[in-house]
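Worksheet for the structure shown next.
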Amino acid sequence: MKGTISVKRNSRWAKFSIDAEANTPVTMILDELNSRETLLEADGSPAEPIVWECSCDQGVCGSCAMVINGSPRLACSAFFGEVGPDVKVEPLSKFPLVADLKVDRSSISKSLSEMKIWLEDDDALVSDVDMQYTSASCMLCGCCLEVCPNYSGEGKFFGAVGMNACFRTAEQLSGSAKRERLSYFAKHGDAGCSKSLACQVVCPAKIPLSVVISRLNRERFLSVFYRNK
Ligand code: SF4
Ligand code: SF4
Ligand code: FES
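Take 6 as the starting number for the sequence shown in the working numbering and just add one per residue.
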């Protein structure tokens, strides 16, 4: 199947001619372009190899997240037959650009660190293993932040990825440690979230973020209510 792939490189679109099977993922298309002896744009002008990230190629590591035809998704799970024949790929816009399709997502790690998403003792409570497991499938890809109307990369709102991580920690803690994590949810999540749930629609891990957010709110209410009793 013949088509084109346009890659946003800084401020301009570079268009390349491609010929691929319908079941070829965008990662393989990018790989094929970079493996050409001489990479030429569709108009014949020479081009440098495309910079982008990919690790597992199986939809679990999140490194290949990019905006494809206007929506954030994993390039290794976006197949030519679905997104072609004319594909447009660009970098996630909520992170500093490194080059071409590669961005610096270290702000996610910093926000999770600020929310202290770790346990502090050995008596972790695990009450809902299925939900913990589902929540833990987050690959820190950043797709949820790309569509979030309230996330800018600056300020104290950390978006769905932060709330999801906070959820796992808070559910396994009790007492003052739990209250502390729930206060981070209030400050870095609930206060900035307008509950549009665009994050849930694009999450490639299919994490039920509406459940995550509502359960955190419930836990927060209960922790405040019972502490004041
Ligand atoms: S529900 Fe809306 S505002 Fe809240 S994190 Fe998701 S996309 Fe952002
Ligand atoms: S919550 Fe979903 S969209 Fe957001 S970083 Fe995790 S896996 Fe990606
Ligand atoms: S390369 Fe790992 S999710 Fe796409």
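Glycine included, C-beta positions come from ideal geometry on N, C-alpha and C.
Buried or exposed (CB count within 10 angstroms, at least 16 for buried), residue i
| i | result |
| --- | --- |
| lysine 211 | exposed |
| asparagine 169 | buried |
| valine 206 | exposed |
| cysteine 67 | Checking the displayed sequence, the identity of residue 67 turns out to be glycine instead of cysteine. Buried. |
| glutamate 159 | exposed |
| methionine 6 | exposed |
| leucine 187 | buried |
| phenylalanine 226 | exposed |
| glutamate 42 | exposed |
| tyrosine 189 | buried |
| arginine 110 | buried |
Residues near residue i in its chain [Cβ-Cβ closer than 7 Å; skip 5 each side]
| i | result |
| --- | --- |
| leucine 102 | Pro96, Val108 |
| cysteine 153 | Gly164, Ala165, Ala203, Cys204 |
Bridge-paired residues (DSSP) for residue i
| i | result |
| --- | --- |
| aspartate 24 | Lys7 |
| isoleucine 73 | Ser76, Val94 |
| arginine 14 | Arg17 |
| leucine 214 | Answer is none; leucine 214 lacks a bridge partner. |
| valine 108 | Leu102 |
| proline 30 | Phe84 |
| leucine 45 | Pro51 |
Cβ-based neighbour list, residue i, same chain, cut-off 6 Å, excluding 5 preceding and 5 following
| i | result |
| --- | --- |
| cysteine 208 | Cys149 |
| alanine 129 | Gln177 |
Span separating the alpha-carbon of residue i from that of residue j
| i | j | result |
| --- | --- | --- |
| serine 116 | glutamate 151 | 16 Å |
| aspartate 34 | valine 229 | Inspection of the sequence shows that residue 34 is occupied by isoleucine rather than by aspartate. About 52 Å. |
| leucine 45 | tyrosine 156 | 37 Å |
| methionine 120 | serine 199 | 20 Å |
| serine 40 | serine 11 | 17 Å |
| message | Check whether the region 58-67 and the region 76-88 are in contact - that is, three or more C-beta pairs closer than 8 Å. | response | yes
| field | At least three beta-carbon pairs within less than 8 Å, the region 17-33 to the region 86-94 | value | yes
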